[in-house]
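With full-length UniProt numbering, letter number 605 in the sequence shown gets 605, and the count goes up by one each step, no holes.
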Amino acid sequence: MYQLRDSRWSNFKSTGSMNDHYEYRKCRNECTKQTKMAKAHYFNENLNNNISNPRNFWRTISNIQAPPVHSQPAVVKVNNQTLQHPLDVANAFNDYFVGCATTLIAKLGNDMQSERPHAGQAPTTVQSPCITQEFSFRPVPVSVVTKLLRKQKMKYQSGPDQIPAMLLKISAPAIANPVATLINESLATGYIPKLWKTARVVPIHKSGDSTLVSNYRPISLLPVMSKVLEKCVYTQLRDYYQYWNYLTPDQSGFRPNHSTTTALLKVCNDIQAGMEQGNLTGAIFLDFAKAFDTVDHGILLEKLKNSGIGDRTLTWFQSYVSDRSQYVSISGSSSLPLPVTCGVPQGSVLGPLLFIIFINDLPNVCKASTVHMYADDTVIYTSKPNLPQLEAVLQEQFTEVEKWIKNNKLFLNTDKTVTMLFGTAPKLHKLQNPHLCVGTISNGTLTTVTSLKYLGMWLDPNLSFGPHIEKLSSKLYPKLGALYRNKSCLSPAVRKQIVQQMLMPAIDYGDVVYAAAPQTHLHKLTTLYNSFCRFALQCNYMTHHCDMLKQLNWPSLESRRTLHLSSLVFKSISGKLPPYLNRLLPQQLPHPITSDPGPAPYLQYHNTKRQWLGPHFPTEHHNYGITSQTPSNLPPVLSHSKFPVNIPQYRMHL
Numbered sequence: 001m002y003q004l005r006d007s008r009w010s011n012f013k014s015t016g017s018m019n020d021h022y023e024y025r026k027c028r029n030e031c032t033k034q035t036k037m038a039k040a041h042y043f044n045e046n047l048n049n050n051i052s053n054p055r056n057f058w059r060t061i062s063n064i065q066a067p068p069v070h071s072q073p074a075v076v077k078v079n080n081q082t083l084q085h086p087l088d089v090a091n092a093f094n095d096y097f098v099g100c101a102t103t104l105i106a107k108l109g110n111d112m113q114s115e116r117p118h119a120g121q122a123p124t125t126v127q128s129p130c131i132t133q134e135f136s137f138r139p140v141p142v143s144v145v146t147k148l149l150r151k152q153k154m155k156y157q158s159g160p161d162q163i164p165a166m167l168l169k170i171s172a173p174a175i176a177n178p179v180a181t182l183i184n185e186s187l188a189t190g191y192i193p194k195l196w197k198t199a200r201v202v203p204i205h206k207s208g209d210s211t212l213v214s215n216y217r218p219i220s221l222l223p224v225m226s227k228v229l230e231k232c233v234y235t236q237l238r239d240y241y242q243y244w245n246y247l248t249p250d251q252s253g254f255r256p257n258h259s260t261t262t263a264l265l266k267v268c269n270d271i272q273a274g275m276e277q278g279n280l281t282g283a284i285f286l287d288f289a290k291a292f293d294t295v296d297h298g299i300l301l302e303k304l305k306n307s308g309i310g311d312r313t314l315t316w317f318q319s320y321v322s323d324r325s326q327y328v329s330i331s332g333s334s335s336l337p338l339p340v341t342c343g344v345p346q347g348s349v350l351g352p353l354l355f356i357i358f359i360n361d362l363p364n365v366c367k368a369s370t371v372h373m374y375a376d377d378t379v380i381y382t383s384k385p386n387l388p389q390l391e392a393v394l395q396e397q398f399t400e401v402e403k404w405i406k407n408n409k410l411f412l413n414t415d416k417t418v419t420m421l422f423g424t425a426p427k428l429h430k431l432q433n434p435h436l437c438v439g440t441i442s443n444g445t446l447t448t449v450t451s452l453k454y455l456g457m458w459l460d461p462n463l464s465f466g467p468h469i470e471k472l473s474s475k476l477y478p479k480l481g482a483l484y485r486n487k488s489c490l491s492p493a494v495r496k497q498i499v500q501q502m503l504m505p506a507i508d509y510g511d512v513v514y515a516a517a518p519q520t521h522l523h524k525l526t527t528l529y530n531s532f533c534r535f536a537l538q539c540n541y542m543t544h545h546c547d548m549l550k551q552l553n554w555p556s557l558e559s560r561r562t563l564h565l566s567s568l569v570f571k572s573i574s575g576k577l578p579p580y581l582n583r584l585l586p587q588q589l590p591h592p593i594t595s596d597p598g599p600a601p602y603l604q605y606h607n608t609k610r611q612w613l614g615p616h617f618p619t620e621h622h623n624y625g626i627t628s629q630t631p632s633n634l635p636p637v638l639s640h641s642k643f644p645v646n647i648p649q650y651r652m653h654l
């Protein structure tokens with residue numbers, strides 16, 4: 001048919017006859033129709049066959065929306081030179097990735113050297129709690145190694161040792177004993193094989209010009225055996241710090257029962273509490289430059305020692321961070337390996353834990369303000385009755401933080417470090433200049449912003465979350481439009497799954513935080529949610545949302561937020577929330593929750609000033625307004641053990 005179309009076009013070009021043009025258009029339209037039908041049939045069949053295979057399912061969805069893009073570059077430009085040979089390209093990427101941290105240290109090191117301690121000397125801000133027992137490694141049993149080997153995922157790529165995870169997984173019963181011997185020998189002698197400290201780096205394109213190395217991020221692939229070793233060490237080190245309660249409660253990153261949502265709840269709750277007391281709240285959002293990549297190994301080892309790590313065990317950590325190297329692999333060509341002299345290892349198991357240990361004492365320098373961290377995302381804030389007092393406290397605290405940063409050989413990006421002033425609309429309206437004036441050590445002034453993306457959520461001075469909902473809508477509507485353009489390729493079951501697993505998580509994220517936003521803002525999300533329902537059902541605009549929800553068996557958006565808030569309270573009762581949230585929620589209910597099935601209370605929170613279902617929880621128990629009145633439309637629930645299992649059933653009755 002395509003040949004016939006081309007033939008008709010040739011006839012028309014040679015004769016110029018309108019009849020020939022008509023025949024060409026008829027044939028062209030038929031080709032277009034058949035192509036669309038074939039495409040729809042192919043993708044529809046592919047999606048239905050892989051609906052239980054998430055990896056292939058979402059890969060197909062990505063191919064429908066946009067053709068696959070090869071992330072590995074063939075050509076790059078460096079210093080006005082175009083490099084095409086794979087080996088030259090690989091070397092250029094490796095030079096850039098390794099040089100990012102070393103260049104930053106060299107650039108800022110000279111003018112700060114006199115103000116910093118020497119490498120290996122702990123800064124004066126390091127303070128350890130009273131730990132009476134020194135940490136030392138315990139022998140790793142064979143059963144633990146067997147379990148770790150069997151948990152390896154087949155999709156893991158091999159590292160520099162070229163040993164695939166699949167091979168280790170399949171042969172786990174046979175090799176567990178010798179692998180355990182290797183691991184225990186490493187822990188006993190404090191030695192790690194050099195190959196286990198070598199990373200194979202694959203550049204992945206982020207955005208922008210694909211010929212610039214700066215538009216790529218490195219993905220480090222370590223040997224699977226080294227990750228098994230690190231998991232054994234990680235478990236013992238994590239348990240040790242948890243037992244002694246060493247890690248600061250102001251750190252929410254890389255910790256069990258913590259998340260970005262809990263961090264947002266903590267920060268927004270404190271800001272809202274200041275608003276209700278009639279205060280202004282000033283916040284400084286720090287932006288560290290290459291924080292993970294510029295960790296000084298000497299200071300890190302000293303902090304490990306101060307946290308109770310014994311000298312013999314410290315030898316192992318010294319071997320772990322030293323003599324590391326990496327190379328870049330592109331199109332089968334590998335660059336020359338380069339040494340990595342600073343930073344925690346990327347792609348490692350221990351790296352995140354070592355970083356939060358390194359930054360653990362930052363809150364100690366902020367005596368008059370609150371600090372909260374999610375890994376290196378750090379915010380400093382405090383509340384005061386007026387702007388001059390607020391600026392004075394923030395200036396003092398920020399100066400101390402800058403000193404801590406210099407002493408610990410980290411680097412603050414003052415251009416991206418910003419301040420924000422929070423308060424009620426009447427309070428801010430009374431100010432002639434609602435800006436914070438906070439200076440830096442280098443005689444600069446931090447920029448004050450009126451909206452900021454913090455941990456994936458846009459904050460505004462009144463905590464109305466209007467900018468967040470606007471950004472969310474502008475992000476999701478184009479995605480929905482792209483799906484509409486390819487609706488012929490999607491069956492009803494596939495459309496429903498796409499909405500539930502691709503679109504709804506963006507709305508659900510942090511909904512317990514913005515649940516107290518004004519109804520004018522929340523209504524925009526409801527409209528967006530209704531559009532999702534129309535796409536899933538392919539119904540017209542006049543269909544009532546209640547009919548759509550009933551047909552899809554989905555709850556309303558308000559019911560989803562209520563469920564998520566109820567889950568948050570349930571986690572608090574179960575002890576599965578951070579301490580900074582547990583103390584804001586009641587730990588005793590009118591009806592005790594036991595392991596036996598029985599009726600549980602229906603929790604309702606009433607706030608006379610503002611229906612703050614998200615961040616703000618009163619600190620006094622008598623303000624909670626908890627009642628044991630269960631709505632008549634709810635099923636009989638819910639025991640402590642049954643609640644998570646029955647959530648889908650419970651949700652439908654909200």
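Think of the CB as a built atom: it goes at the ideal place given N, C-alpha and C, for glycine as much as any other residue.
Review point. Per DSSP, which one or two residues make a beta bridge with MET457?
Key: TYR454
Practice item. Please go through the same chain and pick out, in chain order, the residues whose beta-carbon is closer than 7 Å to the beta-carbon of GLY439, but skip the five residues on each side of it. Key: GLN395 and THR445
Exercise for review: Take every Cβ of the region 286-300, pair it with every Cβ of the region 348-362, and state whether three or more of those distances are shorter than 8 Å.
Suggested key: yes
Review point. Name the DSSP beta bridge partners of TYR216, please?
Key: HIS205
Point to revise | For PRO352, the nearest candidate out of GLN251, GLU276, ASP415 and THR262 (CA to CA) | key: GLN251
Point to revise | Spatial distance of LYS33 from TYR541 (CA atoms) | key: 27 Å
Exercise for review: Tell me whether ARG138 sits in a helix, a strand or coil according to DSSP, three-state version.
Suggested key: coil
Check your understanding: In terms of residue numbering, what span does the alpha helix (DSSP H) encompassing THR32 cover?
Key -> 18-49
Exercise for review: Determine the DSSP secondary structure at GLN84, reduced to helix, strand or coil.
Suggested key: coil
Check your understanding: Who does HIS523 pair with in a DSSP beta bridge?
Key -> HIS523 is not bridged to any residue.
Review point. Taking just the CA atoms, how far does LYS151 sit from THR414?
Key: 43 Å
Point to revise | DSSP three-state assignment for VAL126, whether helix, strand or coil | key: Annotation note: pLDDT 44 at VAL126 (below 50); position unreliable, coordinate value reported separately. Note: VAL126 maps to coil in three-state DSSP.
Practice item. Reducing DSSP to helix, strand and coil, say where SER329 ends up. Key: strand
Review point. According to DSSP, is ILE359 helix, strand or coil?
Key: coil
Check your understanding: ARG8 to LYS36, Cα distance in whole Å?
Key -> 21 Å
**Study point:** Rounded separation between LYS194 and SER62 - CA only
**Key:** 39 Å
Practice item. With a 10 Å radius around its C-beta and 16 neighbouring C-beta atoms as the bar for buried, classify GLN497 as buried or exposed. Key: buried
Point to revise | Within the region 465-516, ranges of the beta strand (DSSP E) (whole runs, at least 3 residues) | key: none
Review point. In this structure, does DSSP put SER334 in helix, strand or coil?
Key: strand
Review point. Thinking C-alpha only, which one of HIS205, VAL201, VAL267 and GLU402 is nearest GLN346?
Key: VAL201
Practice item. Please classify residue 655: does DSSP put it in a helix, a strand, or coil? Key: Look at the range of the chain in this structure, 1 to 654, and you will see that residue 655 is not part of it.
**Study point:** DSSP state of ARG583 mapped onto helix, strand, coil
**Key:** coil
Exercise for review: Grab me the residues of TYR156's own chain with a C-beta within less than 6 Å of its C-beta, minus the 5 sequence neighbours each way, in chain order.
Suggested key: ALA165
Check your understanding: Is the Cβ-Cβ distance between VAL344 and ASN48 less than 8 Å?
Key -> no
Check your understanding: Of the choices ALA92, THR132 and GLN65, whose alpha-carbon is the least far from that of SER334?
Key -> ALA92
**Study point:** Pick from PRO223, GLY208 and LEU222 that is closest to TYR216, judged by C-alpha positions
**Key:** GLY208
Exercise for review: Assuming LEU452 and LEU280 form a contact by the criterion Cβ under 8 Å, report the distance between their Cβ atoms to the nearest whole angstrom.
Suggested key: Contact flag wrong, Cβ pair sits at about 16 Å.
Point to revise | Residues sharing a beta bridge with GLN251, DSSP | key: MET373
Review point. In chain order, what residues of the same chain lie with their CB nearer than 7 Å to the CB of ALA176, ignoring the 5 residues before and after it?
Key: VAL142, VAL145, THR146 and LEU149
**Study point:** Outcome for GLY456 when other beta-carbon atoms lying within 10 angstroms are tallied against a minimum of 16
**Key:** exposed
Practice item. Within the region 219-291, note down every full alpha helix (DSSP H) run reaching 4 residues or more, in order along the chain. Key: 224-243 and 260-276
Review point. With distances taken from CA atoms, which of GLN81, LEU83, GLY99 and THR260 is nearest TYR454?
Key: THR260
Review point. Start and end of the alpha helix (DSSP H) containing VAL418?
Key: Segment 418-422 is the beta strand (DSSP E) holding VAL418; no alpha helix (DSSP H) there.
Exercise for review: Return the CA-CA distance between ILE367 and VAL267, expressed in angstroms with no decimal places.
Suggested key: According to the sequence provided, residue 367 is Lys. The question's Ile does not apply to it. For LYS367 and VAL267, the distance between alpha carbons rounds to 17 Å.
Exercise for review: Keeping to the same chain, check which residues put their C-beta closer than 8 Å to that of ASP75; ignore five residues upstream and five downstream.
Suggested key: Per the sequence presented here, residue 75 reads as Val, with Asp not at that position. Counting only Cβ-Cβ distances below 8 Å, and skipping sequence neighbours, we find THR82, LEU83, GLN84, VAL89 and THR211.
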